[in-house]
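Below is one structure, written out as structure tokens; the observations come after it.
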Amino acid sequence: MYKTEVRGPLILGDKNYRQISSDIIAPIDRPAPLWWKGVFGLGILATLFGLFAMYQTVAKGIGTWGVNNSVGWGWEIINFVWWIGIGHAGTAFSIFLLILRQKWRTSINRAAEAMTVVAVGAAAIFPALHMGRVWLAFYIFPYPNTRGPLWVNFNSPLFWDFIAISAYLLISASFWYYGMVPDFATIRDKATSKIKKAVYGFFAFGWTGSTSEWLRYEALSYVLGGIAAVLVVSVHSIVSTDFAVSVIPGWHTTVFPPYFVVGAIFSGFAMVMTLMIIIRKMYKFQDYVTNSHLDAIARILIFISLIMGTAYATEIFIAWYSGSQYEMFTFFKNRITGDYTFQFWAMVVCNAIIPQLFWFKKIRQNLTIAFIISLLINLGMWYERFNILITSLSKDYLPSSWVTYHPTWVEVGVYIGTLGIFITGVLLFFKFIPMIAISEVKSILKVTSIKKNESKNSSHGQ
Amino acid sequence: MEKKYWKSTEELNNRKDSNRKADEIPDGKSLLEIIDQEITGKPSSRRNFLKFCGFSFATAAIASSCENPVKKAIPYLNKPEDVIPGMASNYASTYFDGAEYSSIVVKVRDGRPIKIEGNTLSALTSGGSTARVQASVLGLYDGHARLKHPSKKGHGIDWKILDQEVSDKLESLKNAGETLVLLTSPVIGPSTKQLISEFLAAYPGSKHIVYEPVSYSGMLEANLESFGQQVIPNYHFGKAGTIVSVGADFLGTWLSPETFTAGYASRRSLTDGEKSISWHMQYEAGLSITGSRADKRVRIRPSGYATLLAALYNELASRSGAPSLPDITTHETVAETAERLWQSKGTSIVVCGSNDKDEQILVNAINHLLGNIGQTITFGDAILTKQAVDREMEELAAMLEEGKAGGLILWGVNPVYDYYRPEVFTKGLEKLKLSVILNHAQDETYGFTEYSVPGHHYLESWGDAEPCRGSYSLAQPVIRPVFDTRAPQESLLKWMGRETTWYDYLREYWASEIIGSGENTWNKVLREGVYQKEQNSVAPSFNTAALTSLAGRIKGDGSGEGIEIVMYQNIAMGQGHHANNPWLMELPDPVSKVCWDNFAAVSPKTASELGLSKGRMVSVNGLEIPVLIQPGQADDTLSVALGYGHTGFGKVADGVGVNVFPLAVYRDGSRKYSLPGAEVSALARTYELASTQMHHSMEGRPIVRETTLKSYLEKPDSGNEMHEEFEKKHVTLYKEIEFKGHHWGMAVDLNKCTGCSTCVIACQAENNIPVVGRAEVMKYRIMQWMRIDRYYSGDENEPGVVFQPVMCQHCDNAPCENVCPVSATNHSSEGLNQMSYNRCVGTKYCINNCPYKVRRFNWFRYVTNEKFDYNMNSDLGRMVLNPDVTVRERGVVEKCSFCIQRIQEKKLLAKNENRPLRDGEIKPACMQACPSGAIVFGDLNDPESTISKYFADPRNYHLLEELHTLPSVGYLTLVRNREEEQS
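So the protein sequences, as listed, match chains A and B. Residues in the first sequence are numbered from 1 upward in steps of one, following the numbering used here. Residues in the second sequence are numbered from 1 upward in steps of one, following the numbering used here.
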């Protein structure tokens, strides 16, 4: 009944264990290449610009943004949800594939997790910054205090948000970090400079690679994976309740939690694809991140894209089925047609239609097109959040308070700043941390190929 | 001690240019510099080290713990008998700005007048007020525009020298036999009138001319011809079953709107079992709030008024058998109007807003035919606030042009701004031997006069008024003069060489002429503010000769002659006396919803003919004005509001909008504010108007529910059938909240609301709401807690117009409350949705989740911020703030609180007096200010309360009740006196 197919090699190029270590550690040992320095410089500039915009916001007030008394949330929440979505991929990637025992994930999960941590960090800036009085942000911490004690409002989705995001950030970061411990030990062991040895030694926590350590390592990975798997689902579900719990037409929708989670994984996977294509190209990791990896991601993207299309159709159907004229207006007169037609159709085209091109093998294998599509998906996901937020708020119940919303340079600046933070964060990761989980990749190396390798090497007289 | 208190106000006077420096260390030295100087001179020892450590730690602690510098508050050593710190005193007084009269009560907190309310004891205004009256308190603290001391050619001068110089010049004018003209706004104070006549007597050859920018001269002269009295009769809209208004915005700006609104609303009430309401027909060019309220509205150009009125007269004459006027083209609606009027003979009113004598004679004839004179239109209590005869002003202009005048004393007038030929004054004033201006604030004319003798603000001075025959009221100072000013009456007395003070003069006059002597009567009148004297009224007879002379003069059908300009007064600006008042500047016009600008309103049809779009600049007889496409505007007309475009009136007013007074013309014995044959051409430039409402249709949503009288009488819940449906569906999974004590509720009778926006300003004044300026309004960040939503329905040329005041609905199932992460907005045990400002962190989630969008965010710091240089940016301007209401910090959300400070005050009062609260005792600011009594507030737990009755009325509904937010605000359906529902 049950038939196992013999899988092909996940790593190409007839590597041996030593070679894997040296291949992956190589970028850490080498001085940073020119493109790295250039992009890093740009990232720093963007970050500084963002910091200036944040300074403006805090020093002068939220009035420096384009939001108003009808549209209370603008770019900052769009970007928050967008970053959180991107930050979904890493953990989703590692955890789900770990639980499903998909071994091919090993080449990608490290980078995906790094991306998660940086993206969630970038996302976390927005909820804090959009507060009118950010210096009192601690009011939303539930702790016994001398003010009564005054407790937070446990009914508020914003409080759930705060809990969900902090938990997610914590677990993602731990998951990512402890996964790196054996690799840090590898670098420590290979390092020649004393400082490097000391630094990586510190982060390696005295890992020796004994069997008992590996046992605990495995056990911990499943335990943390189990917790994180729940969080992956919960965090974006809870972000979606920011909208779903409200009364605003277009927000008040029960489809939101699954729709948001899937959307987040969608944008996350697209971002993973973008990054992996870059890593492959720039660090020549084609042997580790193979075409079949990208092919697998593309196939997943097709599937999720179909779910997204279904979700959009469901929303529209329910708006009609609800019989509520407010819902009908929002969907049919303010999204499909109306002032925000472009943003709506940009979302549909980028998220539900363009990814369907991946059905064609030629497109899946053409990395340039795949790269462009992966970027378009993230653009589409940005428009999705724009749609949800702005179209619903700009024209809600009373036509007397219908307004338009335009961002100011400050809001755009904060967004550029988070892009800068993301870019510099990812680049630092490229430079100082093994981009591919060495120990895990080694576990999927086919021994037969080692033998073949050795014989090949000996024939070359090494 | 008292003296010391006032000294601080004087400090304020001198601080006009350096407001911010007060908080710094004197002599421009910083703290560090001072410490540095201290240190360098001294040897470093352990002792010195500790000394400076101690000092710096202490200062650091003080500086970091207190954001604001400590200001000394000195308690009274001998407390005045009637002043209790923290308790407000109320003083009756009188408001009259030359155009509008109101009997008022001034709320004074710790020596500062902070709020104006209507005086309920006044038989005339009966507690009503208007937006202008409500906002006038801010003028007292206008440090930008108020004149602070007497001056000669812009330089300060001592009072004694000034009096000497002016008296000398007056004397020399008298000796030379040259004419001295006293040019004033209408004088309604009987004792001031007496004083002026004595002054004129003291200087033979002098003349008193009354000037009003928007005059009722045509009416005065018409009444003189028709009835032999040069006064304006009083109109009793409360007695009128049929009202026909031809271009008179009597609910907004015409004559005495607060009085008329009260009367009008009383005939629109259906809450006390009434079975009928008045029928109101409005003929007008621009869409006014009066026209918006009308049961039938017909668009007509002002040049067609005469023919229309003549046709109406003929129609009525044919019924009564009176002689008719020849050669009149009739108007299609006249037959119906005449029939309606004829059926309610003696209980109808016909008014006309034009300033043309002939048209007003026709109106008089019509009212005479209908037998309204003596019934709904009475001369016994004739209105005396309008006195200007345009002819006299023209005579003065001629004198000035010919150089025949010797001296001119201006009081309460600003002809350089609002006279249609300002050059007469800009050139003429310089040639005069003596020119004196007695106005209390700077204006355009001020710079052209030799002497400026600033008068008091009306809240600082004694005064009296006789707004109607037999109705008297007193004005009393409620604060010591803030600046070095003097009552104009005092000045006149001085220049007449009289030793008596103005106060004594006033008291003597009242004792001898009005109330008789006796301290008690005086005190009683002073306390009540008003005094009613019996008048024997006889309806004057109508002189038909005036009418017959019209025959042949009125011709045509009023069409043709290109585009017609209509200059009108809008709710906020009126004639422009309060243009420097930021509250009024930011008050959105109830119809156009535009603030901070005037504009040229054109009809959609005319706009498409001329190729105009919203915001396009047009040149109108040489003036460049932005266009607003106004549904309901008469075709081929262009309405522009007066009162804007000041050039020397103060920081707020200057440069806002365009002054269209120069477009007025003098024709047929009076100044006309409509002008056919205008040259209108579109310019390439566009200009964005600041508007607070962008969408004008209800989109078929049941927001304002409307029905006709006929349907209402058949079925009281007509138009509101869905309310019961929604009530039936009321179900909840949770335990319902019980309000054991009070449960506050508010209801707005949409049938009484006229959209006059008085409540908006009252709320702004009561609740320390900041002004944000044009740029922020354009970003939809206006802070007013109350707004008047206005929706159009039907055809864009003949739209139905509805108003709906919207404030926080205080939902018992509030969407804002459950989303706030820090519980900053929560529900009180009395059903109030309350905001704790100091808990708010500003996530704005509540703003998003409020379906009514009544929450306001403090986008910036609006207090002490140079970018928002309105009243909250100066120490003097901040004196108007209500100490009972927190001034909100940047970053917090605010909204209507149902005036919780007033609820609390009355609850405490009742508790102290050990009695239950009376229904109607608590009046939120909006309710108290409402001239039509459309707003009702009270306890829903009390089944006998008015609010409970309103809530039980079949007309009652809640806004967006299908959301099950359970609002505590109800609206009563709008019932129009129409046969059919207008689509």
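We put the CB at the ideal spot given by N, CA and C, even for glycine.
Under the three-state DSSP convention, the category residue i falls into
i         : result
Thr330(B) : coil
Val39(A)  : helix
Arg507(B) : helix
Ile554(B) : coil
Lys431(A) : helix
Tyr101(B) : strand
Cys763(B) : helix
Ser240(A) : helix
Gln834(B) : strand
Met328(A) : helix
Gln804(B) : strand
Ser93(B)  : strand
Ile195(A) : helix
Ile515(B) : coil
Arg18(A)  : helix
Phe860(B) : coil
Arg46(B)  : helix
Glu284(B) : strand
Val566(B) : strand
Cys66(B)  : Only weak support exists for where Cys66(B) lies, its pLDDT of 47 falling under 50; the value from the coordinates is given anyway. The answer is coil: DSSP assigns Cys66(B) none of H, G, I, E or B.
Per DSSP, the bridge partner or partners of residue i
i         : result
Thr242(B) : Trp279(B) and Ser348(B)
Trp411(B) : Thr184(B)
Partners in chain B for residue i, counting only beta-carbon separations shorter than 9 Å
i         : result
Arg133(A) : Cys840, Val841, Gly842, Glu889, Arg890, Gly891 and Val892
Ser246(A) : Pro815, Val819, Tyr845, Asn848 and Asn849
Gln325(A) : Glu699, Gly700 and Arg701
Beta-carbon neighbours of residue i, restricted to chain A and to distances below 7 Å
i         : result
Ser697(B) : Pro399
Val822(B) : Tyr139, Ile140, Val152 and Asn153
Gln693(B) : Ser400
Leu963(B) : Val247
Leu960(B) : Tyr397
Cross-chain neighbours of residue i in chain A, by beta carbon under 9 Å
i         : result
Ser592(B) : Neighbours of Ser592(B) on chain A: none; closest Cβ ~14 Å, over 9 Å.
Asp789(B) : Leu398, Pro399, Ser400 and Ser401
Beta-carbon separation (whole angstroms), residue i vs residue j, contact threshold 8 Å
i         : j         : result
Ala984(B) : Glu359(B) : With chain B covering only 1 through 983, there is no way to say anything about residue 984(B).
Pro113(B) : Leu459(B) : 5 Å
Asp183(A) : Pro434(A) : 5 Å
Gly286(B) : Ala572(B) : Actually they do not touch by this definition, with Cβ atoms about 15 Å apart.
Thr418(A) : Ala122(A) : 4 Å
Pro249(A) : Tyr139(A) : Actually they do not touch by this definition, with Cβ atoms about 30 Å apart.
Residue i: contacting residues in chain B (beta-carbon distance under 8 Å)
i         : result
Leu169(A) : Result: empty, since nearest Cβ-Cβ is about 18 Å, beyond 8 Å.
Gly61(A)  : Asn858, Trp859, Phe860, Arg861, Arg890 and Gly891
Under 8 Å from the C-beta of residue i: neighbouring residues of chain D
i        : result
Asn69(A) : The chain labelled as chain D is not found among the protein chains of the depicted structure, namely A and B.
Which ranges does the beta strand (DSSP E) cover as unbroken runs of at least 3 residues, wholly within the stretch 444-491 of chain B, from first to last along the chain? 463-468 and 471-475
*asked:* List, from N- to C-terminal side, the alpha helix (DSSP H) runs of 4 residues or more that fit wholly inside the stretch 602-636 of chain B.
replied: 604-610
Problem set entry | 4-residue-minimum alpha helix (DSSP H) runs that sit fully inside the stretch 132-210 of chain B, ordered along the chain | 137-140, 159-176 and 190-202
message: At 3 residues or longer, what runs of the beta strand (DSSP E) sit wholly inside the stretch 648-698 of chain B?
response: 665-667, 670-672, 674-678 and 680-686
| message | Going residue by residue through the stretch 349-425 of chain A, where are the continuous alpha helix (DSSP H) segments of at least 4 residues, counting only ones entirely within it? | response | 361-365 and 367-386
Practice problem: Could you name each continuous alpha helix (DSSP H) segment of 4 residues or more that falls completely within the stretch 54-126 of chain A, going from the start of the chain to the end? | Solution: 75-86 and 88-99
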